[in-house]
Amino acid sequence: MSKVKAAVFASGTGSNFEAIMKSENLACEIVLLVCDKPGAKVIEKAEQFGVQTFVLNPKDFSSKTEYEAEVLQAVRSHDVEWIFLAGYMRLVGKSLLEAYEGKMLNIHPSLLPAFPGKDAIGQAFQAGANVTGVTVHYIDEGMDTGPIIAQEKVPVFPGDTETSLKARIQAVEHVLYPRVINEVVCLSEFNTVD
Ligand code: GAR
Numbered sequence: 625m626s627k628v629k630a631a632v633f634a635s636g637t638g639s640n641f642e643a644i645m646k647s648e649n650l651a652c653e654i655v656l657l658v659c660d661k662p663g664a665k666v667i668e669k670a671e672q673f674g675v676q677t678f679v680l681n682p683k684d685f686s687s688k689t690e691y692e693a694e695v696l697q698a699v700r701s702h703d704v705e706w707i708f709l710a711g712y713m714r715l716v717g718k719s720l721l722e723a724y725e726g727k728m729l730n731i732h733p734s735l736l737p738a739f740p741g742k743d744a745i746g747q748a749f750q751a752g753a754n755v756t757g758v759t760v761h762y763i764d765e766g767m768d769t770g771p772i773i774a775q776e777k778v779p780v781f782p783g784d785t786e787t788s789l790k791a792r793i794q795a796v797e798h799v800l801y802p803r804v805i806n807e808v809v810c811l812s813e814f815n816t817v818d
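Just so you know, we're using this note's numbering here: the sequence shown kicks off at 625 and counts up by one.
If you want it as structure tokens, here you go:
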């Protein structure tokens with residue numbers, strides 16, 4: 625039986641993309657990378673894994689709706705059923721949300737609802753938190769606000785720098801995200817098999 629198809633949306637380095645690609649027995653096939661930052665490192669990573677890339681600059685579109693119409697066409701043309709945001713630093717709009725309701729996940733480097741938005745690791749560090757973490761959640765129209773699926777705590781040690789904290793958080797992300805993807809995709813498959 626062929627695996628259900630999925631796309632990763634990313635804007636940056638792509639360490640989570642890489643962790644997903646390297647994860648053994650992933651329950652879905654990553655067939656497409658959508659990237660909104662031409663030149664981002666994640667694009668090279670996708671090419672190394674032989675994953676097709678769809679790179680577009682939102683500034684080239686007159687509205688979010690127009691931009692998302694292109695994205696929607698790309699994911700649909702690849703028969704994508706699931707979308708995993710992995711450092712995609714952009715709010716998802718109505719058209720994508722409606723098309724992929726309940727089928728879009730995001731990973732965020734904090735224990736949401738604490739420290740949403742950009743630079744969550746820096747926010748936690750500056751706030752002097754002694755524990756932070758990682759959250760995987762469904763996407764909704766808000767900034768890191770959708771229903772939470774899984775969270776894992778990460779301690780902040782007295783001698784930490786932002787760099788050491790980021791490394792500890794990302795190590796957790798790289799294990800947690802593929803695991804949650806598998807759980808959610810498998811559960812959905814199980815519920816739809818007749
Ligand atoms: C990850 O830490 C991810 O949790 C975060 O961006 C980083 C991307 O790193 N996402 C957010 O902050 C979403 N609000 P990567 O490009 O190396 O995977």
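Even glycine gets a Cβ: it sits at the ideal position worked out from N, Cα and C.
Pick from VAL628, ASN649 and TYR691 that is closest to VAL679, judged by C-alpha positions = For VAL679, the nearest C-alpha among the options comes from TYR691.
task = Output the distance between the C-alpha atoms of VAL758 and ALA791, rounded to the nearest integer angstrom.
result = 12 Å
ask   = Between THR756 and ASP743, what straight-line distance do the alpha-carbon atoms span, to the nearest angstrom?
value = 13 Å
key: beta-carbon ASN640 near the ligand SAH non-hydrogen atom, thresh 7 Å   = In the structure on display, the ligand SAH does not appear, and the ligands it does have are the ligand GAR.
task = Look up ILE731 in the DSSP assignment and give the residues it is bridged to.
result = VAL760
task = Could I get the ranges of all uninterrupted beta strand (DSSP E) runs contained in the segment 637-700, with 3 residues as the minimum, in chain order?
result = 652-659 and 676-679
ask   = Taking C-beta to C-beta, are GLY638 and VAL666 nearer than 8 Å?
value = yes
6 Å CB neighbourhood of SER676 in its chain, flanking five on each side removed = According to the sequence as given, residue 676 is Gln; it is not Ser. The answer, listed in chain order, is LEU656.
query = What residues match up with ALA634 in a beta bridge as DSSP calls it?
reply = According to DSSP, which records beta bridges pairwise, ALA634 is partnered with CYS659.
query = Is the distance from the Cβ of GLY711 to the Cβ of ALA651 below 8 Å?
reply = no
message = Quick check: is any heavy atom of the ligand GAR less than 7 Å from the C-beta of VAL658?
response = Outside the cutoff, so no.
query = Under 8 Å between the Cβ atoms of LEU709 and LEU729?
reply = yes
message = Checking the sheet assignment: what are the DSSP bridge partners for PRO740?
response = In the DSSP output, where bridge partners are listed per residue, PRO740 has none listed.
Residue range of the alpha helix (DSSP H) that includes LYS718 = 718-723
ask   = Which residue spans inside the segment 776-811 form an unbroken beta strand (DSSP E) run of at least 3?
value = Runs found: none.
message = Starting from LEU709, trace the beta strand (DSSP E) in both directions and tell me its first and last residue.
response = Unbroken beta strand (DSSP E) run through LEU709: 706-709.
ask   = Taking C-beta to C-beta, are GLU640 and HIS798 nearer than 8 Å?
value = According to the sequence displayed, residue 640 carries Asn and not Glu. Yes, Cβ-Cβ distance for ASN640 and HIS798 is below 8 Å.
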